[in-house]
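**Q**
There are 2 protein chains.
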Amino acid sequence: MIIKKRSYPFKVYSQDVDFQGKSTLMALGNMLLSTAGYNADDNGFGMKKMHEMNSAWVLTKLALEVEQFPQEYEEVHVETWVEEVERITTTRNFTIKDVHGNIIGNAGSHWVMIDMQTRRIKDLETLEGLRNYADNVASLIESPIKLTPIQGELIDTFKVKYNDIDINGHANSVRYIEWVTNCFSIDFYREKELKRFEINYISEALFGESLEIFQEEIAADDFRFEIRKNGKIACRARMVMRSR
Amino acid sequence: MIIKKRSYPFKVYSQDVDFQGKSTLMALGNMLLSTAGYNADDNGFGMKKMHEMNSAWVLTKLALEVEQFPQEYEEVHVETWVEEVERITTTRNFTIKDVHGNIIGNAGSHWVMIDMQTRRIKDLETLEGLRNYADNVASLIESPIKLTPIQGELIDTFKVKYNDIDINGHANSVRYIEWVTNCFSIDFYREKELKRFEINYISEALFGESLEIFQEEIAADDFRFEIRKNGKIACRARMVMRSR
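For the record, the sequence lines run as chains A and B. Using my numbering, you'd call the opening residue of the first sequence number 1 and step up by one each time. Using my numbering, you'd call the opening residue of the second sequence number 245 and step up by one each time.
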């Protein structure tokens, strides 16, 4: 039987909350990615299948809007479904709910499948039956957009380290969220709260590579970021803030 | 009724495993700290009580030995109990088990309570009833030791950032585990696996502070670390490795 929408529970642990006791964006990103992993497994297109095919799912775009950041010890439920399956990209959406069923956040994401040897994108037609899970239901927020280049100011330079590298041999998608959200001070977060986050993953960052992060406020409270490596773009991101 | 030993379940998510698909030390550290938090709450001396008293639990020493690092999607159970309650320090032990009940790791930890205003250590006598939870059962491994100063070589310099700071306003204990384990390359981890880790937390690291990390191999496979800030010691750590 095809179950198109499923929900997965998560707990907010001490290390998931920031100095104000609210979940970090990184922690929410972890929940979304874990949910995607679990659901892909439940649908038969998860880790196990990917290992068999010597392939991996790679996140290319993510957009997330947060109404309310969960607090330490809160339980949240992340609902997910596949919106569509195109030739090389599949869209997966999410709704984050509190324990009472109230929506506290929404997200949309685009994924491609890569070959682990060549690191090239593969045709999703090779995943027979995947299309049956597409239910054509849009996310409750605007889809992830293609972020444009920025000039920006250099905020930080750092190397990709052991703890950044995941089982796919590149920096984990959530680490980029950490790097971007680390561009602001705790004083900034005392005044401002995230409304919308989006990220475009462009080229993978590998162990030992030096990364530079640039930031530009292109309009009031609309911050853009670029992570560059050797002149190439690793990712672009956006944080739209609101006053608390 | 006083229940002296309890067990808490955790799942190993994608972001908890390293490039070899095994749980990172950081992820195990998160499980231990979450377990301590949950159990303190269950005993009535957790976050809620600490907030009321304008106090916080602070980890001062941790020793952890790992037999087998759990893999992605594995479920582990962390059993914990309070060994003893002294005047300023309490000892909490842990056993990490796989889903079949096999022991895959053991840990011991020392905690103090601080006043959130003065950041000074408080007498544990002020926590009436805490002593009733002490069951005098030692951990299955050698207790955390006091680590001695090292000379060492400067490995890295970095600043304490937004995502490092927890609800107590200082760098989260698990971040130090990240910093220490980041001193090695993925090639190193291909050959060596952690056998015993220990850490002494000496002075708290605050937002924006610059930290330096020093490393010295004092005997074969016995690595010592020191994280320093402005000439002060923030922590000392030790990683004893074994060949895979």
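We put the beta carbon where it would ideally sit given N, CA and C, even for glycine. Note that this is a predicted model, so its numbers are computed, not measured.
If you run the structure through DSSP and keep just helix, strand and coil, what is residue 326 (chain B)?
**A** Taking the second sequence and counting its residues from 1, the one referred to as residue 326 (chain B) is at position 82. In the structure shown, residue 326 (chain B) sits in a strand (DSSP, three-state: E or B).
**Q** For residue 484 (chain B), decide whether its Cβ has a neighbour in chain A, counting only Cβ atoms nearer than 7 Å.
**A** As a working mapping, residue 484 (chain B) is identified with position 240 in the second sequence. With 7 Å as the cut-off, residue 484 (chain B) does not count as an interface residue toward chain A.
**Q** Taking the straight line between their C-alpha atoms, what separation do you get for residue 339 (chain B) and residue 487 (chain B)?
**A** Position 95 of the second sequence holds residue 339 (chain B). Position 243 of the second sequence holds residue 487 (chain B). C-alpha separation (whole angstroms): 23 Å.
**Q** Rounded to whole angstroms, what's the CA-CA distance from residue 70 (chain A) to residue 189 (chain A)? Just pull it up for me.
**A** Your numbering for residue 70 (chain A) matches position 70 in the first sequence. Your numbering for residue 189 (chain A) matches position 189 in the first sequence. Using only the alpha carbons, I get a separation of about 16 Å.
**Q** In the DSSP assignment, find the beta strand (DSSP E) that holds residue 146 (chain A) and state where it starts and stops.
**A** As a first step, residue 146 (chain A) is located in the first sequence; it is residue number 146 there, counting from the start. Taken as a continuous stretch (DSSP letters only), residue 146 (chain A) belongs to no beta strand (DSSP E), as it is neither H nor E.
**Q** Note down, in chain order, every chain B residue with its Cβ under 7 Å from the Cβ of residue 176 (chain A).
**A** Residue numbering aside, residue 176 (chain A) sits at position 176 when the first sequence is read from its first letter. Those do not exist, as residue 176 (chain A) stays about 12 Å from chain B at its closest Cβ, beyond 7 Å.
**Q** Out of curiosity, what's the CA-to-CA distance linking residue 155 (chain A) and residue 225 (chain A)?
**A** Against the first sequence, residue 155 (chain A) aligns to sequence position 155. Against the first sequence, residue 225 (chain A) aligns to sequence position 225. So the alpha carbons of these two residues sit roughly 10 Å apart.
**Q** Residues of chain B with a CB under 9 Å from the CB of residue 47 (chain A): which are they?
**A** Taking the first residue of the first sequence as 1, we reach residue 47 (chain A) at position 47. The answer, in chain order, is 258, 316 and 317.
**Q** For residue 66 (chain A), go through chain B and note every residue whose CB falls closer than 8 Å to its CB, in chain order.
**A** In the first sequence, the residue the question calls residue 66 (chain A) occupies position 66. Going along chain B, no residue has its Cβ under 8 Å from residue 66 (chain A), so there is no contact; the nearest lies around 16 Å.
**Q** I want to verify the contact list: residues of chain A whose CB lies under 8 Å from the CB of residue 429 (chain B), in sequence order.
**A** As a working mapping, residue 429 (chain B) is identified with position 185 in the second sequence. Per Cβ cutoff of 8 Å: 162, 207 and 208.
**Q** Could you check which residue in A:109, A:73, A:59 and A:63 has the C-alpha nearest to that of residue 83 (chain A)?
**A** As a working note, residue 83 (chain A) is residue 83 in the first sequence. For residue 83 (chain A), the nearest C-alpha among the options comes from A:109.
**Q** So for residue 3 (chain A), helix, strand or coil by DSSP?
**A** The sequence position of residue 3 (chain A) within the first sequence is 3, counting from 1. Three-state DSSP puts residue 3 (chain A) in coil, outside helix and strand.
**Q** Once the 5 residues before and after residue 404 (chain B) are set aside, which same chain residues still bring their CB inside 7 Å of it?
**A** Walking along the second sequence from the start, residue 404 (chain B) turns up at place 160. The residues are 415, 449, 450, 451, 452, 453 and 455.
**Q** Can the beta-carbon of residue 55 (chain A) be found closer than 7 Å to that of residue 115 (chain A)?
**A** Translated into positions along the first sequence, residue 55 (chain A) becomes position 55. Translated into positions along the first sequence, residue 115 (chain A) becomes position 115. Yes. Within cutoff.
**Q** Of all the CB atoms in chain B, is at least one closer than 7 Å to the CB of residue 80 (chain A)?
**A** For the purposes of this step, residue 80 (chain A) is identified with residue 80 of the first sequence, where counting begins at 1. No, no contact with chain B.
**Q** In chain order, what residues of the same chain lie with their CB nearer than 8 Å to the CB of residue 491 (chain B), ignoring the 5 residues before and after it?
**A** Residue 491 (chain B) cannot be examined here, being either before or after the span of chain B that is shown, 245 to 488.
**Q** In angstroms with no decimal places, state the Cα-to-Cα distance between residue 258 (chain B) and residue 168 (chain A).
**A** For the purposes of this step, residue 258 (chain B) is taken as the residue at position 14 of the second sequence. For the purposes of this step, residue 168 (chain A) is taken as the residue at position 168 of the first sequence. Their Cα atoms are separated by approximately 10 Å.
**Q** When the Cα of residue 406 (chain B) is compared with those of A:178, A:130 and A:236, which residue comes out closest?
**A** What you label residue 406 (chain B) is simply residue 162 of the second sequence in a count that begins at 1. Checked all of A:178, A:130 and A:236; the closest Cα to residue 406 (chain B) is A:178.
**Q** What is the DSSP secondary structure of residue 105 (chain A), reduced to helix, strand or coil?
**A** Within the first sequence, numbered from 1, the residue matching residue 105 (chain A) stands at position 105. Strand.
**Q** Going by DSSP in three states, residue 334 (chain B) sits in which element: helix, strand or coil?
**A** The residue you call residue 334 (chain B) lines up with position 90 of the second sequence. In the structure shown, residue 334 (chain B) sits in a strand (DSSP, three-state: E or B).
**Q** Quick one: grab the DSSP three-state call for residue 256 (chain B).
**A** If you number the second sequence from 1, residue 256 (chain B) lands on position 12. If DSSP states are grouped into helix, strand and coil, residue 256 (chain B) belongs with coil.
**Q** Rounded to a whole number of angstroms, what is the C-alpha to C-alpha distance between residue 150 (chain A) and residue 227 (chain A)?
**A** The residue you call residue 150 (chain A) lines up with position 150 of the first sequence. The residue you call residue 227 (chain A) lines up with position 227 of the first sequence. Distance between the alpha carbons of residue 150 (chain A) and residue 227 (chain A): 11 Å.
**Q** The beta strand (DSSP E) spanning residue 266 (chain B) covers which residue range?
**A** Taking the second sequence and counting its residues from 1, the one referred to as residue 266 (chain B) is at position 22. Segment: none, residue 266 (chain B) is in no beta strand (DSSP E) and carries neither H nor E.
**Q** Counting only Cβ-Cβ distances shorter than 7 Å, please list the residues of the stretch 11-40 of chain A near chain B, keeping chain order.
**A** Residues 13, 14, 15, 17, 18, 19, 21, 24, 26, 30, 33, 34 and 37.
**Q** Using only CA atoms, which one of B:418, B:462, B:483 and B:459 lies nearest to residue 439 (chain B)?
**A** By one-based count along the second sequence, residue 439 (chain B) stands at place 195. Among B:418, B:462, B:483 and B:459, the Cα nearest to that of residue 439 (chain B) is on B:483.
**Q** Check whether the stretch 247-262 of chain B touches the stretch 271-281 of chain B, taking contact to mean three or more Cβ pairs, one atom from each stretch, closer than 8 Å.
**A** Enough Cβ pairs lie closer than 8 Å, so yes.
**Q** Between residue 285 (chain B) and residue 292 (chain B), which are expected to be in contact by the criterion C-beta below 8 Å, what is the C-beta distance as a whole number of angstroms?
**A** Locating residue 285 (chain B) in the second sequence gives position 41, counting from the first residue. Locating residue 292 (chain B) in the second sequence gives position 48, counting from the first residue. Indeed they touch by this definition, with Cβ atoms about 7 Å apart.
**Q** Can you tell which of A:120, A:117 and A:58 has the C-alpha that lies nearest to the C-alpha of residue 90 (chain A)?
**A** For this step, residue 90 (chain A) is matched to residue 90 along the first sequence. Looking at the Cα atoms, A:58 is the closest of the given residues.
**Q** According to DSSP, simplified to helix, strand and coil, what is residue 404 (chain B)?
**A** For the purposes of this step, residue 404 (chain B) is taken as residue 160 along the second sequence, with counting starting at 1. DSSP places residue 404 (chain B) in coil when its eight states are reduced to three.
**Q** Cβ atoms of residue 107 (chain A) and residue 64 (chain A): under 7 Å apart, would you say?
**A** Residue numbering aside, residue 64 (chain A) sits at position 64 when the first sequence is read from its first letter. Residue numbering aside, residue 107 (chain A) sits at position 107 when the first sequence is read from its first letter. In this structure, residue 107 (chain A) lies closer than 7 Å to residue 64 (chain A) by Cβ.
**Q** Looking only at C-alpha atoms, which of A:60, A:53 and A:4 sits nearest to residue 118 (chain A)?
**A** As a position in the first sequence, residue 118 (chain A) is number 118, starting the count at 1. Ranking A:60, A:53 and A:4 by Cα distance to residue 118 (chain A) puts A:53 first.
**Q** Please look up how many angstroms separate the CB atoms of residue 87 (chain A) and residue 135 (chain A), rounded, as I've assumed it's under 8 Å.
**A** Here residue 87 (chain A) refers to the residue found at position 87 of the first sequence. Here residue 135 (chain A) refers to the residue found at position 135 of the first sequence. Their Cβ separation, rounded to whole angstroms, is 19 Å, which puts residue 87 (chain A) and residue 135 (chain A) out of contact at 8 Å.
**Q** Ignore the nearest five residues each way along the sequence and tell me which others in residue 263 (chain B)'s own chain have a CB closer than 8 Å to its CB.
**A** Mapped onto the second sequence, residue 263 (chain B) falls at position 19. Only 430 and 433 meet the Cβ criterion.
**Q** Note down, in chain order, each residue of its chain lying with its Cβ closer than 6 Å to the Cβ of residue 387 (chain B), except the 5 sequence neighbours on either side.
**A** On the second sequence, residue 387 (chain B) is found 143 positions in, with the first residue counted as 1. Once the five neighbours on either side are set aside, the close Cβ partners of residue 387 (chain B) are 352.
**Q** Using 7 Å as the threshold, is the C-beta distance between residue 306 (chain B) and residue 409 (chain B) below it?
**A** As a working note, residue 306 (chain B) is residue 62 in the second sequence. As a working note, residue 409 (chain B) is residue 165 in the second sequence. Their beta carbons are not under 7 Å apart, which means residue 306 (chain B) does not touch residue 409 (chain B) by this criterion.
**Q** Could you pull out every residue in the same chain whose Cβ sits closer than 6 Å to the Cβ of residue 203 (chain A), ignoring the five residues on either side in sequence?
**A** Within the first sequence, the letter at position 203 stands for residue 203 (chain A). Cβ within range, chain order: 232 and 234.
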